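Structure, as structure tokens:
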Amino acid sequence: MTTTSEQSPAAARPATAAAATLSLNKTYGSGDTRVHALRDVDVSFEQGRFTAIMGPSGSGKSTLMHCLAGLDTADSGQVWIGGTDITGLKDKQLTRLRRERVGFVFQAFNLVPTLTAEQNILLPVALAGGTADRDWFRQVTSALGLADRLRHRPHELSGGQQQRVAVARALLTRPDVVFGDEPTGNLDSKAGAEVLSLLRRSAVEMGQSIIMVTHDPVAASYADRVVLMNDGELVGELDHPDADSVLGALAKLGA
Amino acid sequence: MLQVALAQVRMHARRFVAVGLAVVMAVGFLTATLMVNASTEASLANSIGAGFRNADLVVTAGEDGELDGAMAAAVAKADGVAEVYAQRHSRVAFGSGTQAGFGLMQDLAPRSLDSLTVVSGRLPAGNGEVAVDDTTAAKYGLAAGTSLKLAAGSGTVAARDLKDAAGATVTGVVKASKDPLLMGQPQLHALPVLAARLAGDSGYYPSIQARVADGTSVTEAKAAVESALDGAGSVVVRTADEQTKAVVAMFTGGQDQLTIILLAFALIALLVCALVVSNTFSVLVAQRTRELALLRCIGAGRNQIRRSVIVEALLVGTAASILGVLGAIGLMAGIIAVLQRQPDTEFAVLAVPGHAVAAGLLAGVVMTVLAALSPARAATAVAPLAALRPVDDARLGNRRGKVRLAAGLVLTVAGGAILALGATTANLLIALPGGALSFVGLLMCASLFVPPLVRGVGQLARPLGVPGRLAAVNAVRNPGRTSATAAALLIGVTLVTMMMTGAQTARQVFDTQLGAEYPVDITVTDRALDGRPLDQAAARTAARHEGVTAAGLVTVAGSTEIDGSQTPVYRLGPGQAQLLQDKSLVLDAGTVLVPQGSGVKTLAVAGAEGSKTLTAVETGSRFFPPLVSAAVAEELGGPAPEQADAGAGPQLWLAVDRELGAAELMQLRTDLAAELNVNDYQLSGAAIERAAFNQIIDVMLLVVTGLLAVAVLIALVGVANTLSLSVLERTRESSLLRALGLTTGQLRGMLALEAVLVAGVAALIGTVLGVLYGWLGARSALGVFGDVAPSLPWLQLAAVLAVAVVAGLLASVLPARRAARLSPVEGLATT
Chain A
1 MTTTSEQSPA
11 AARPATAAAA
21 TLSLNKTYGS
31 GDTRVHALRD
41 VDVSFEQGRF
51 TAIMGPSGSG
61 KSTLMHCLAG
71 LDTADSGQVW
81 IGGTDITGLK
91 DKQLTRLRRE
101 RVGFVFQAFN
111 LVPTLTAEQN
121 ILLPVALAGG
131 TADRDWFRQV
141 TSALGLADRL
151 RHRPHELSGG
161 QQQRVAVARA
171 LLTRPDVVFG
181 DEPTGNLDSK
191 AGAEVLSLLR
201 RSAVEMGQSI
211 IMVTHDPVAA
221 SYADRVVLMN
231 DGELVGELDH
241 PDADSVLGAL
251 AKLGA
Chain B
256 MLQVALAQVR
266 MHARRFVAVG
276 LAVVMAVGFL
286 TATLMVNAST
296 EASLANSIGA
306 GFRNADLVVT
316 AGEDGELDGA
326 MAAAVAKADG
336 VAEVYAQRHS
346 RVAFGSGTQA
356 GFGLMQDLAP
366 RSLDSLTVVS
376 GRLPAGNGEV
386 AVDDTTAAKY
396 GLAAGTSLKL
406 AAGSGTVAAR
416 DLKDAAGATV
426 TGVVKASKDP
436 LLMGQPQLHA
446 LPVLAARLAG
456 DSGYYPSIQA
466 RVADGTSVTE
476 AKAAVESALD
486 GAGSVVVRTA
496 DEQTKAVVAM
506 FTGGQDQLTI
516 ILLAFALIAL
526 LVCALVVSNT
536 FSVLVAQRTR
546 ELALLRCIGA
556 GRNQIRRSVI
566 VEALLVGTAA
576 SILGVLGAIG
586 LMAGIIAVLQ
596 RQPDTEFAVL
606 AVPGHAVAAG
616 LLAGVVMTVL
626 AALSPARAAT
636 AVAPLAALRP
646 VDDARLGNRR
656 GKVRLAAGLV
666 LTVAGGAILA
676 LGATTANLLI
686 ALPGGALSFV
696 GLLMCASLFV
706 PPLVRGVGQL
716 ARPLGVPGRL
726 AAVNAVRNPG
736 RTSATAAALL
746 IGVTLVTMMM
756 TGAQTARQVF
766 DTQLGAEYPV
776 DITVTDRALD
786 GRPLDQAAAR
796 TAARHEGVTA
806 AGLVTVAGST
816 EIDGSQTPVY
826 RLGPGQAQLL
836 QDKSLVLDAG
846 TVLVPQGSGV
856 KTLAVAGAEG
866 SKTLTAVETG
876 SRFFPPLVSA
886 AVAEELGGPA
896 PEQADAGAGP
906 QLWLAVDREL
916 GAAELMQLRT
926 DLAAELNVND
936 YQLSGAAIER
946 AAFNQIIDVM
956 LLVVTGLLAV
966 AVLIALVGVA
976 NTLSLSVLER
986 TRESSLLRAL
996 GLTTGQLRGM
1006 LALEAVLVAG
1016 VAALIGTVLG
1026 VLYGWLGARS
1036 ALGVFGDVAP
1046 SLPWLQLAAV
1056 LAVAVVAGLL
1066 ASVLPARRAA
1076 RLSPVEGLAT
1086 T
């Protein structure tokens, strides 16, 4: 049931994957301080699945996510989102791609403090100059338990509520993929569990593709699949993980 | 803690650039103002002192005394005096060929006291020789060898009047004196004998200069001269230096007032600068909350925190003040260098007085430190625990300053009441302090009305989508900061628009006033230069001139006696009533129009064929000549022959195009004078007065606006500064928005909109206040002349708003570029 392997065996083809990379490389600095953040990373994330990227600090997992989401550019290699090759896209095209086809949930500072919860949720749609699907909006917000919190500003919401607003915002545009960067890192365990369950449900019930970076084995256990990274390389993966198996795999990395 | 302050300034030098720039400008303005005064004095001393440059002692007349030749002789006999120059001035007429003029004849000094600079030829050596100054030589075409006719006197002179006068030969051309007392008039120099022959006893001695013999001290000689003149009359004996200083002091009496006015503008600039500095430090302290809390955690006391902020202000203030003083010196040196190249001002000298440098440095440093006091106090309020709390990014609202608000409201209401009183009683001395008080009050409670207005105007940006909506929200995110930023700009804009409205209203009042004061737009009086009276041909010439809508010759019909003096009575011909400014005046066979204030019911008008008593109709103008209709004039049969000889000739009355501007009217006057062969001053009337007055107002307005521009510029630096600090503060938010799909263009647009909102609303409020103050001020100052209706210079006000909006856009360029350069990942990584 749980397999660990050197290479991703079930890599979907880039054209059909939610997101994928081909020999992605990125380095920071030069000379002695040169750091290989990514080394020839080939990875593919299937549609409708919840995938976690795990690894110790400095393993390159955040860099991989930033490159996948079009927030950062790699030195070489290719990146696809929903079948679109985003390598070499100009800033303007990347920006449009982000607001139309990608959703984000960050660890902290997810919301614009001057806007209400509702305005925050609608922000990507508003930025694109479009109008939101009101039925879908109601469905998402009530599923996330935010229906009575929409008029509040971020500082009037608890940490868990703030993260749920961020999840609602990410889901609203029905993006090709939702990226989570330690989405529960700043939450207590109860609020964290709530947000993770919500993410899992959106993958299962709504078929939303989700890619989450985390270093918390418990958080990773909510995913369908865990991709392990170390020193900028993919070093293995787990299907249908639980907290123990993830912990075990991580311990091996440390060894 | 000094270490921390130093590290702050070094690390965040860029954050201090804008505040430094503001201080540099304010200090530079102040220092330059003080240097203008000193340089003017030095330049004057240079030009005045040139006349005494070889003298040791100068004797001048006392309060009500006069110098004479006997005194000069007494000085010459005094012990220790080697040589004496009795500087005699006499007025002479001179003619050359067909030209003639008046000039000042000066006795030549003995060689050792001579201060003239010969340009060409040589100084006179014989009694039939004169030297002239270079300006006069150029104007009259004189050179060495030219023959001149010379006669004593003043008044009018024509070349033919001098044909029997004594002749003299020009032997040389000398440099014209730049002494303000002599400048501008022809200067002739001759040996005392010739001067005495021409002037007789009419000569006047402005001074007696003396050279002290070698081996005698100036002090001894001065005492000797004083005793020699003892009892001779009221005289003052000074050394050459003392004399120069005394004359300069006489001239700079008015200069001091100019300095005071300039200083007032420099103070306004300093005040605006203090607002900008205070605001900047508040923002810097707010941004460093965590850092300050950390310092408190590891044991820094409140006083140490306060001191570290003040030391920062001290460092920035000192550096910027030094730059400001250097900048002012550079600017003045540049201006003086330009002036020195102009022929009329080549005597200009740069003076860098110690007090100007000291005052500039002191004012800059003290102002910066004072402005940082309140932010420094705010810094001490940071609790050590703040270091441990997560960053509170949503800083909304600020609660401090209830006392300030209350005081501001009281000042506004009280000042407003005093201003209203001054306006209704037409008393500027009451209105001025009232206006100042209410304005200070309004600035103190700016946070009451600025944020709501920015929010309200921000609604207009909503159709621009998310960037517009965010800009509107961000502009009032920190109401205190927005208010302070806007207040700094508000000051300059209010003062500028106040001046504009005041000027426009004054123009309007004087227009109305002048309309009533003069019978017609332009009156041409007296004879032409060739001695012939004005005639119908002249009227036709004038009527054809562009800008003249109608012209008529008004002839003498007879004479009458008003206030005991014989006054010519004029005839208003058929169709000439349209020339009158006051169209309501009616003239029939039984009436005569008389000047305002004549106080007569009937008036007896005498002509060649008898006299007639007419009903007097008083006009609104004191310069209105008595006027009768053509029918009455016919009955009178023209002026009596003796009156015709007395010289009262016909006048030419003109109506001109109302749309003509001041400069065009002045040009029209010159052109018409040339065409009609009359002197410029023979043309007078409402239009001319209006043009002259408008020109004065325009120049004053230009100068005042220029001076206030410094304050406005400083405030705009403040807008840019606040925005760029806010951008730094919102780095994470900007990154989030970029990640969520805000394009760099939208980000730039958002920041530009934010700056435009703050600058635009400040300009809007300033304009409204300025119009109000301008009108009330005009009422206070001009109310005595009658009703003062507000008159708005719409174009100028619109220009002020447009400048504010464009300046806001420009102010956002640098901060926006920095914000857009940041990649989303970089911004999010900052924790």
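Top to bottom, those sequences are chains A and B.
Quick note on the numbering used here: the first sequence kicks off at 1 and runs consecutively.
Quick note on the numbering used here: the second sequence kicks off at 256 and runs consecutively.
For every residue, glycine included, the Cβ atom is placed at its ideal position computed from N, Cα and C.
None of the values given here were measured: they were computed from a predicted structure.
- The contact set of A/D91 on chain B, defined by CB atoms closer than 7 Å, consists of T999 in chain order.
- If one requires a minimum length of 3 residues, the beta strand (DSSP E) runs lying completely within the stretch 447–503 of chain B are 459–467 and 490–494, in chain order.
- Boundaries of the alpha helix (DSSP H) around B/S302: A268 to G304.
- DSSP, reduced to helix, strand and coil, places A/V79 within a strand of the structure shown.
- Here B/W1049 is exposed. Its C-beta has fewer than 16 other C-beta atoms within 10 Å.
- According to the DSSP assignment, B/R985 belongs to no alpha helix (DSSP H), since it is labelled neither H nor E.
- Separation of B/Y936 and B/R782 (C-alpha to C-alpha, rounded to the nearest whole angstrom) is 12 Å.
- Taking a C-beta distance under 8 Å as the contact criterion, B/L842 and B/L789 do not qualify as a contact pair.
- Closer than 8 Å to the CB of A/R174 there is not a single CB belonging to chain B.
- Taking A/A19 as reference, the option from A/Q47, A/A251 and A/D72 with the minimal CA-CA separation is A/Q47.
- Straight-line spacing of the CA atoms in A/T173 and A/T73 works out to 24 Å.
- According to the DSSP secondary-structure assignment, A/V213 is paired through a beta bridge with A/I53 and A/D181.
- Chain A has no Cβ within less than 8 Å of the Cβ of B/S629.
- Those residues of the stretch 968–989 of chain B placed with their C-beta closer than 8 Å to a C-beta in chain A are R987 and E988, ordered along the chain.
- The Cβ neighbour count for B/T353, taken over all protein chains shown within 10 Å, is under 16; the residue is labelled exposed.
- Its chain contains D42, G77 and Q78 as the residues whose beta carbon lies nearer than 6 Å to that of A/L22, once the 5 sequence neighbours on both sides are disregarded; these appear in chain order.
- The C-beta of B/V728 comes closer than 8 Å to at least one C-beta of chain A.
- Residues of the stretch 116–138 of chain A with a C-beta atom less than 7 Å from some C-beta of chain B are L123, P124, A126, L127, A128 and G129, listed in chain order.
- For A/T114, at least one C-beta of chain B is nearer than 8 Å to its own C-beta.
- A direct Cα-Cα distance of roughly 15 Å separates A/K92 from A/V102.
- A residue is called buried when at least 16 other Cβ atoms come within 10 angstroms of its Cβ; B/K657 does not meet this threshold and is exposed.
- Taking the CA atoms as reference points, B/E338 sits about 8 Å from B/L368.
- With contact defined as three or more Cβ pairs closer than 8 Å, the stretch 550–565 of chain B and the stretch 599–610 of chain B are not in contact.
- DSSP places B/K867 in the uninterrupted beta strand (DSSP E) bounded by G865 to E873.
- About 24 Å separates the beta carbon of B/A431 from that of B/A420, a gap too long to meet the 8 Å contact definition.
- At a C-beta separation below 8 Å, A/H66 has these neighbours in chain B: V1080.
- Interface with chain A (8 Å Cβ-Cβ cutoff): B/A1007 is excluded.
- A Cβ-Cβ separation of about 12 Å leaves B/L1052 out of contact with B/T749 under the 8 Å criterion.
- Identification of chain B residues near A/R149 by a Cβ-Cβ cut-off of 7 Å yields none; the smallest Cβ-Cβ distance measures about 16 Å.
- Chain-ordered listing is empty here: chain A has no CB closer than 8 Å to the CB of B/G735, the nearest sitting near 16 Å.
- By the neighbour-count definition (other C-beta atoms within 10 Å, threshold 16), A/I211 is a buried residue.
- Put simply, of B/L827, B/R346, B/V637 and B/T535 the residue whose alpha carbon is nearest the alpha carbon of B/G735 is B/T535.
- Taken through DSSP and simplified to helix, strand or coil, B/D434 comes out as coil.
- The continuous beta strand (DSSP E) containing B/S814 extends over residues V803 to I817.
- Contact between the stretch 905–923 of chain B and the stretch 800–808 of chain B is present: three or more C-beta pairs spanning the two stretches fall below 8 Å.
- In this structure, B/V492 is the residue among B/V492, B/R545, B/E988 and B/A393 with its C-alpha nearest to the C-alpha of B/S462.
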